[in-house]
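Trainee: In my numbering, the protein residues as written are 5 to 262.
#1: If you reduce the DSSP assignment to three classes, tell me which class residue 14 lands in.
#2: Report the rounded CA-to-CA distance for residue 46 versus residue 96, giving the unit in angstroms.
#3: What does the Cβ neighbour count give for residue 53, buried or exposed, with the cut at 16 atoms within 10 Å?
#4: Can you name the start and end residues of the alpha helix (DSSP H) that residue 74 belongs to?
#5: Whole-angstrom Cβ separation of residue 1 and residue 162, contact assumed at under 8 Å?
#6: Just mark residue 186 as buried or exposed, buried being the case when its beta carbon has 16 or more other beta carbons within 10 Å.
#7: Since residue 179 is in the alpha helix (DSSP H), which residue starts that stretch and which ends it?
#8: Please state whether DSSP places residue 210 in a helix, a strand or coil.
#9: Where does residue 35 fall in DSSP's three states?
#10: In this structure, does DSSP put residue 83 in helix, strand or coil?
#11: Starting from residue 221, trace the alpha helix (DSSP H) in both directions and tell me its first and last residue.
#12: Can at least three beta-carbon pairs, one atom from the stretch 181-199 and one from the stretch 56-70, be found at a separation below 8 Å?
#13: Pairs of beta-carbons, one from the stretch 99-116 and one from the stretch 147-163, closer than 8 Å: are there three or more?
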């Protein structure tokens, strides 16, 4: 592990496209872009393709930056865990400096792209980076409350799309936020359950009770039920323009799970 980490301190003159995808977690970033675009299409009265491109590009940059910053901060823990030890930094394929440059450039590009849409979109995008990097990431080794904090930036993309389309934050984007917010808990805890031993090696406190027990299972079920309930709210006609049929509400619930 020490040799890999020491290698990561060396300057890197070039990186592979595969390592760029890994440092930005491209699959996760693309799924977030999909959620943001879904939110945009729900809020837009008329689709503007330039706005969609800016949202997609800016959204990818913001998520990619968050992931890169995260991998810099957690490089020692990543070297310990089986599922992450082959990431670019702990494997020695990318220097810390290179990863920081990538994260910084993506942050600037993301904020600028989202600001062109409107300042509110840029604000929420920047907020997601700050919360993910400066709050959620360090809190993972301190308390299971990290999952609650991490659920906030994780729930922003769906809402971000609506704000990008309308330049407004009201009950509609708030509802989209809550759908994805409640989904984060069963998502994180299911991963925490499957990877409990690996997480514990790195000192991460991911499960709500700290153990794979009945208490954790009950909380996973409860938050799943809350997510379903919130997904049905648009069908009740109390969410302004976000007024959907039961079928549409179920679709929103599914999109919120991506």
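Every residue, glycine too, gets a C-beta built ideally from N, C-alpha and C. Given the structure is predicted, the values throughout are model-derived calculations rather than measurements.
Mentor: Taking the geometry as given:
#1: As a first step, residue 14 must be located in the chain shown, where it is residue number 10. Only weak support exists for where residue 14 lies, its pLDDT of 47 falling under 50; the value from the coordinates is given anyway. Looking at residue 14 - three-state DSSP - the assignment turns out to be coil, as it is neither helix nor strand.
#2: Counting from 1 along the chain shown, the entry for residue 46 is found at position 42. Counting from 1 along the chain shown, the entry for residue 96 is found at position 92. If I take the Cα positions, the gap works out to 43 Å.
#3: Reading the chain shown from its first residue, position 49 is the one you call residue 53. Exposed.
#4: In the chain shown, the residue the question calls residue 74 occupies position 70. Here the alpha helix (DSSP H) through residue 74 covers 53-77.
#5: Nothing about residue 1 can be reported from this structure: the residues present for the chain run from 5 to 262 only.
#6: What you label residue 186 is simply residue 182 of the chain shown in a count that begins at 1. A residue is called buried when at least 16 other Cβ atoms come within 10 angstroms of its Cβ; residue 186 meets this threshold and is buried.
#7: Along the chain shown, one-based indexing puts residue 179 at 175. For residue 179, the uninterrupted alpha helix (DSSP H) run begins and ends at 175-198, by DSSP.
#8: Here residue 210 refers to the residue found at position 206 when the chain shown is read from its first residue. If DSSP states are grouped into helix, strand and coil, residue 210 belongs with coil.
#9: Along the chain shown, one-based indexing puts residue 35 at 31. Residue 35: helix per DSSP, three-state reduction.
#10: For the purposes of this step, residue 83 is identified with residue 79 of the chain shown, where counting begins at 1. Of the three classes helix, strand and coil, the one that applies to residue 83 here is helix, per DSSP.
#11: Counted from its first residue, the chain shown places residue 221 at position 217. Counted as a single uninterrupted DSSP element, the alpha helix (DSSP H) harbouring residue 221 occupies residues 218-236.
#12: No, the stretch 181-199 does not touch the stretch 56-70.
#13: In this structure the stretch 99-116 does not touch the stretch 147-163; the number of beta carbon pairs closer than 8 Å is below three.
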